[in-house]
Amino acid sequence: MKFMIVGKGNAETEAGVLPDPAYVEAMVEYNESLAKAGVLLAAEGLHPSSKGARIAYRGGRPTVLDGPFTESKELIAGFWIIQVRSREEAVEWALRLPVPPGCPDGVALELWEVFDVADLPQSSLSPETAARQQAVRESLERDSGT
């Protein structure tokens with residue numbers, strides 16, 4: 001099972017304030033522990049939303065909106081993708097994340113199970129679509145060395 005741990009953004013991350021070096025060290029140690037356990041697939045921090053874009057649809061037509069985005073409660077500052085045996089194991093790993101210094105009450109991490117095409121009933125895919133998706137997955141695995 002794959003899960004994404006989402007680190008929420010705040011005013012400091014949106015301002016591009018870099019974390020304290022001691023916190024960065026704690027985060028590197030956390031990432032190393034995930035890697036040593038063989039569960040880490042990806043771990044990335046994100047630039048402020050001012051460097052991003054949002055694509056909104058109206059009437060089926062896309063419109064590109066440049067950041068920054070005003071709803072800071074919806075922003076994320078970083079993420080991890082882990083592969084574990086259960087939701088409980090994913091929660092255990094998320095609980096080990098270092099708490100940012102000065103973290104205000106109410107700041108949350110989110111844990112989302114990653115939806116995989118393998119989760120779909122086989123009857124919902126044509127054989128051609130299933131084969132194409134499998135080829136994409138195999139290509140990604142070759143490219144990532146997993």
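For the sequence shown, counting from 1, position 34 maps to 34 in the UniProt record's numbering; every step adds exactly one. Virtual Cβ for every residue (Gly too), placed ideally from N, Cα, C. It should be emphasised that the depicted structure is a prediction, and the values quoted were computed from it without experimental measurement.
For Met-4, the enclosing beta strand (DSSP E) begins and ends at 2-8. Taking a 10 Å sphere around the C-beta of Trp-93, we find 16 or more other C-beta atoms and assign the residue as buried. Around the beta carbon of Ile-82, 16 or more other beta carbons sit within 10 angstroms, so the residue counts as buried. Per DSSP, Glu-110 lies in no alpha helix (DSSP H) segment; the continuous beta strand (DSSP E) that holds it begins and ends at 109-113. Glu-74 and Pro-48 have their C-alpha atoms roughly 12 Å apart. By the Cβ rule, the region 3-10 counts as touching the region 107-119, because three or more pairs are nearer than 8 Å. About 5 Å separates the beta carbon of Arg-54 from that of Leu-65, a gap short enough to meet the 8 Å contact definition. For Gly-45, the beta-bridge partners assigned by DSSP are Gly-78. DSSP places Leu-95 inside the alpha helix (DSSP H), whose first and last residues are 87-95.
In this structure, Ser-50 is the residue among Val-136, Leu-120, Ser-50 and Ala-56 with its C-alpha nearest to the C-alpha of Thr-13. A distance below 8 Å separates the beta carbons of Lys-2 and Val-114.
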